[in-house]
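These protein sequence lines are chains A, B, C and D, in that order. Using the numbering used here, read the first sequence as starting at 4 and increasing by one per residue. Using the numbering used here, read the second sequence as starting at 4 and increasing by one per residue. Using the numbering used here, read the third sequence as starting at 4 and increasing by one per residue. Using the numbering used here, read the fourth sequence as starting at 4 and increasing by one per residue.
Number of protein chains: 4
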Amino acid sequence: MIIICKKSAKEAEIQDLLEILSQKGVEPHPIYGETETIVGLVGDTSKILAEDIEAIDIVKNVKRVSEPFKLANIKFHPNQTVVDAGGVKIGGGNFAVMAGPCSVESEEQIVETAKKIKASGGNFLRGGAFKPRTSPYAFRGLKAEGLRLLELAKKETGLPIVTELMAIEHLQYFDNVDVIQIGARNMQNFELLTELGKCNKPILLKRGLANTIEEWLMSAEYIMASGNTDVILCERGIRTFETALRNTYDLSCIPLLRKMTHLPVIGDPSHATGKAAMVHSLSKATVAVGADGLMIEVHPNPQKALSDGAQSITPEAFDYVMKDVKKYCILEGKLL
Amino acid sequence: MIIICKKSAKEAEIQDLLEILSQKGVEPHPIYGETETIVGLVGDTSKILAEDIEAIDIVKNVKRVSEPFKLANIKFHPNQTVVDAGGVKIGGGNFAVMAGPCSVESEEQIVETAKKIKASGGNFLRGGAFKPRTSPYAFRGLKAEGLRLLELAKKETGLPIVTELMAIEHLQYFDNVDVIQIGARNMQNFELLTELGKCNKPILLKRGLANTIEEWLMSAEYIMASGNTDVILCERGIRTFETALRNTYDLSCIPLLRKMTHLPVIGDPSHATGKAAMVHSLSKATVAVGADGLMIEVHPNPQKALSDGAQSITPEAFDYVMKDVKKYCILEGKLL
Amino acid sequence: MIIICKKSAKEAEIQDLLEILSQKGVEPHPIYGETETIVGLVGDTSKILAEDIEAIDIVKNVKRVSEPFKLANIKFHPNQTVVDAGGVKIGGGNFAVMAGPCSVESEEQIVETAKKIKASGGNFLRGGAFKPRTSPYAFRGLKAEGLRLLELAKKETGLPIVTELMAIEHLQYFDNVDVIQIGARNMQNFELLTELGKCNKPILLKRGLANTIEEWLMSAEYIMASGNTDVILCERGIRTFETALRNTYDLSCIPLLRKMTHLPVIGDPSHATGKAAMVHSLSKATVAVGADGLMIEVHPNPQKALSDGAQSITPEAFDYVMKDVKKYCILEGKLL
Amino acid sequence: MIIICKKSAKEAEIQDLLEILSQKGVEPHPIYGETETIVGLVGDTSKILAEDIEAIDIVKNVKRVSEPFKLANIKFHPNQTVVDAGGVKIGGGNFAVMAGPCSVESEEQIVETAKKIKASGGNFLRGGAFKPRTSPYAFRGLKAEGLRLLELAKKETGLPIVTELMAIEHLQYFDNVDVIQIGARNMQNFELLTELGKCNKPILLKRGLANTIEEWLMSAEYIMASGNTDVILCERGIRTFETALRNTYDLSCIPLLRKMTHLPVIGDPSHATGKAAMVHSLSKATVAVGADGLMIEVHPNPQKALSDGAQSITPEAFDYVMKDVKKYCILEGKLL
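The following block contains the structure:
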């Protein structure tokens, strides 16, 4: 941690600051420049918050040197995490394709879709039972009944299930779920994250719409700090000034995360763009950029979907996408 | 609602679309242009979701004409809502100043601060007991004990209490709280919003860091649709490319909201900027722009605050700010 | 300047780095931590670019400590600059109101508008002769003829003229212009800025749509470094995710700039919001926040304006706005 | 174009509006709803600006239905444009790799780099002679001398030259340049774009940091409307809230542009990220997403580069990247 003092700071005030810092158990190293005095801190700075130091009058600003996340940090855990979910591996060279409808709507819809996904090479079934919707007047999912239908589809196909949890009270229905998805809007629902740290299922943590990569890793850290280290990160588009597509798919975050964390990272081009026609080329790019998996919305009849039809592709289109995804996985040395 | 068809749409396909729309209970009016066909919808379009229509092959895009929020809409409720919280009114010409520390830390701290706030003319005491923190390793508030200390300060000063709720399980401790604050990160925690609609306390709904004004009103709509119409909106800065201050304080949203909703709107320059030195001038601007109130962080000793010290002002600075706020309230015809 | 070395950096590599830095004429102070080595630089670091140091293999990143702008920096020039433009002062307690139509359209239009602006208390006439337009098919202004009409209006009213320059070749027509405006899209047209540094007229430098405050000050520095220190900054809205209004009016930048630079800063609520109905309240807020002036679009008949009618207010509305602006100027101790 | 009238609009006012519109040569079709009246316009709406209509009192807002760009529009020019630059083709299945240093620094530097680029399979030499720099105190390029050195490298290798033009006055030195690059900061320098429309060299138009895809196409339209249809678009990162990398590389814009325009589109991962370590994986993703080319910064000794060293890769790293780029080009059916 580095502290930059104001030009107006007096020698005595700087001495006071050094004193305060020493008392906090770190070793301050002042460097006296012509216009500013800089104080470098050595030792365990993890309990010193930048904002607290910034509240001190003579401090102009504070810059952190080390990352605030530890359990998720590749520096301290150089080996890639491989998550095992319902017998299927993600990360460390294993590529996951999680596909399925935005919402579970009926037994026929979910079972038929699951079969086709499996036939095309998908290895997870995704589907929403509890649905976060911007409007209180929109369809909010079949809830517990939706989970039951997902289980039927799992029984038929053997595909492990990925589905979203919106509130800890619903956890009772998630016994047969293989991966619990936390949606973008709940990425900083810290109470929920803390509780998820206590459950023993892999967590798929979607990036918040306007959250930095560091905040995202801090949310993963929340889950890990409570005891659950099976976290999968999922990029699903960030909010920017560009509105031609629903969001801006931040593919660069994937190779960057590779240098920051050992956790697996997947990409979701369906939600990122909101447009079915973008899914094919962006799925290929997601493999090319080094992701550990893909999440793709597939619906037997997108025109009649109860939610997010505009971004769903048909099982036939999915089959076509998978043919290319497989070719790219071979080039990238990924097992699918 | 307006539907724009693709150039490639055939006459028969457009007829099919008109048929589908009629079946949904709305009246479609097609306009045939040279390059596009446009379909205007008349009638109750509230149950038709743009994204569902956009999933139809021949549809290029869909534009909504009416706002998706109804209970919060000024069109249908032209009279300004006046919220009564613990005997103090907000909105409709009544100006609220909610002041206090980011975190409740001790009895002395909160009671002394409350007394000074009251003496300077503040009419609400704010203070955090349950604290959302980006890092799992940071101080997360005194929790239930913090609420008890807030109640002591209320007993001493008579100031109604505003404090944040992070999870519905904590509601049991909020009996003596006057206004429940929902933080920016929970603005789209729909399960929580739905539950809050069932409680009979005013809700202060902070705008999410990257949420549009429309999404914000839809979250208010969630609370209102469940039965609680006492919602106060609070602008607290949005996330943009500019990082010179913590966030960008979107003051323009206040006069704009005035034309969209009857709900009271307040501004929080402390959180929006993260810098104590910005609070004075932005507080004045918040009054000037027509807000119904202010939220300001005040701490007896910002340098020793356990959270967000950098943005807190001292009680002395608060007194100075209030002198100007009062002058501006007179110019604006607000009762403080 | 502070250099943070990678964890993997070897002692010999760090010695090489220190050597390189010493040769560049600065004094490096290494601080050896457990996980990182930090090097603080003392001396004249103005010629060392962060990005060059970051290219060195063992360097993780580089953080600047001092601002990269000097002539515009309040640290080195603590007295507020007062710009004199055509006999009217801006800055240092003098408040400027620059009003007029987006485009000059006819003699009658501009002369009548100028008279009304003067009568209401405006002290500058603004009007576009050379117009930047997003579409090559839109009206691009009356050009040299527009400037002639502005001069007529100036003769009639005595109001100094503010108008935009789009290319240095047009400077020949600007002899009687009092303030040269550089539009948001040209804020980083460095060739143009360098040339403007050689002319002896005040420059009104609008902030680019997505430019940081620091970049904006660096553009002012370009003009100043070439010899012209009469620069007025103008905030006109930044581009963010929020699209309810044309841009997000970043009012917080005004008190922040006050602490960074001695140059006058004005605000333009008309362009920032694109909506006439927002101008009144945001004009008041601009005064409240401490600006040195306002730019407001006024058109005798906004519905028939050839450009940007939606954001123009009528002379009658302007008169009403000015009544409040004057009251706020008195509260703020500004001379108008 | 669709006009949405305010709820308060009276029948007579709507009749007036229809009259005005008819006089402008378009055919208005009113649809009377319960809460709003919508007017659809049929006919040539290209001369009607949305903002002018929005200035009319009873108008709530205006939504465009057709794109405002015509020459760049794939609807009217369904065949992909293939640009021929110095004998090398770009677009329509031909893949371009433009590589070279940020700045031309010396004969040896540029000639040696060019030879290695050619050997690795690059087919264009890029290098900056006129350099836009944020600071007036930074190195601004060798200017005319830099162009002379580029020509030497071209003579030695046969690689066509791509280099940036910052002001129309410099065009005199560009006789032997094969592709004129317009930088992000000049994307809306409309005077410059208009002049470039009159020259007969291909223009590489970089996307502005905060410009929408539509604005970008409108800038291409400016060049094309003045007579030059050889425009190549180049995505180089947009400015968002995320600062972990220099910009956010908007790869989704490439498949989207494919549906909007017939112009070739390339990607520049070096500038987009500012980090050499990101170039490899993002280059592959750029091919995967369907781009017509890549721009990559290559410098023989990034640590000693006079500008942007942190984002340059060595010729050896470039050779490694090209091996993968070629494999991906084969999968995508691109000729390189």
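Ideal Cβ positions, reconstructed from N, Cα and C, are used throughout, including at glycine.
Which residues does DSSP pair with residue i in a beta bridge?
i, result
"Asp295 of chain D", "Asp295 of chain D is not bridged to any residue."
"Arg188 of chain D", "Paired residues: none, contrary to the question."
"Phe127 of chain C", "C:Met101"
"His32 of chain D", "D:Gly43"
"Gly94 of chain B", "B:Asn97"
Report the rounded CA-to-CA distance for residue i versus residue j, giving the unit in angstroms.
i, j, result
"Leu174 of chain D", "Glu194 of chain D", "14 Å"
"Asn231 of chain D", "Arg261 of chain D", "20 Å"
"Met325 of chain D", "Gly125 of chain D", "8 Å"
"Leu259 of chain B", "Met281 of chain C", "7 Å"
"Asp87 of chain D", "Asn304 of chain C", "50 Å"
"Leu150 of chain C", "Met101 of chain B", "52 Å"
"Arg129 of chain C", "Glu300 of chain C", "8 Å"
"Glu16 of chain D", "Thr40 of chain D", "11 Å"
"Leu20 of chain C", "Thr317 of chain D", "20 Å"
"Leu208 of chain A", "Arg239 of chain B", "26 Å"
"Leu248 of chain C", "Leu199 of chain B", "30 Å"
"Tyr331 of chain C", "Arg242 of chain C", "28 Å"
"Ile93 of chain C", "Glu154 of chain C", "21 Å"
"Glu224 of chain A", "Leu74 of chain A", "6 Å"
"Asp233 of chain B", "Cys202 of chain B", "10 Å"
"Ala3 of chain C", "Asp55 of chain D", "It is not possible to answer for residue 3 of chain C, since the shown part of chain C is limited to 4 through 339."
"Ile34 of chain D", "Tyr140 of chain C", "29 Å"
"Glu14 of chain C", "Lys307 of chain D", "21 Å"
"Ser222 of chain A", "His265 of chain D", "43 Å"
"Gln112 of chain A", "Ser138 of chain B", "41 Å"
"His80 of chain C", "Ala58 of chain C", "34 Å"
"Glu70 of chain A", "Lys78 of chain A", "10 Å"
Since I believe residue j is in contact with residue i (beta carbons under 8 Å), could you give me their beta-carbon distance rounded to a whole number of angstroms?
i, j, result
"Val85 of chain D", "Cys8 of chain D", "At roughly 47 Å, the Cβ-Cβ gap does not stay under 8 Å, so Val85 of chain D and Cys8 of chain D are not in contact."
"Ala291 of chain D", "Ile269 of chain D", "Not really, about 14 Å apart at Cβ, beyond 8 Å."
"Phe72 of chain D", "Leu220 of chain D", "5 Å"
"Thr276 of chain B", "Glu245 of chain C", "That belief does not hold up - the Cβ atoms of Thr276 of chain B and Glu245 of chain C are roughly 17 Å apart, past 8 Å."
"Gly336 of chain B", "Gly96 of chain B", "7 Å"
"Glu30 of chain D", "Val42 of chain D", "Not confirmed; about 10 Å, so no contact."
"Ile235 of chain C", "Pro267 of chain C", "5 Å"
"Ser255 of chain A", "Thr251 of chain D", "7 Å"
Mapping DSSP to helix, strand and coil, what is residue i?
i, result
"Ile226 of chain B", "helix"
"Tyr252 of chain A", "coil"
"Cys237 of chain C", "strand"
"Gly312 of chain D", "helix"
"Glu245 of chain D", "coil"
"Ile5 of chain D", "strand"
"Lys78 of chain C", "coil"
"Lys66 of chain A", "strand"
"Ile51 of chain A", "coil"
"Lys209 of chain D", "strand"
"Thr317 of chain D", "coil"
"Glu108 of chain C", "coil"
"Asp271 of chain A", "coil"
(Q) Within 8 Å, do at least three Cβ pairs link the stretch 186–200 of chain A to the stretch 154–174 of chain A? (A) yes
(Q) Under 8 Å: do the stretch 106–116 of chain D and the stretch 134–144 of chain D share three or more Cβ pairs, one atom per stretch? (A) Yes, they touch.
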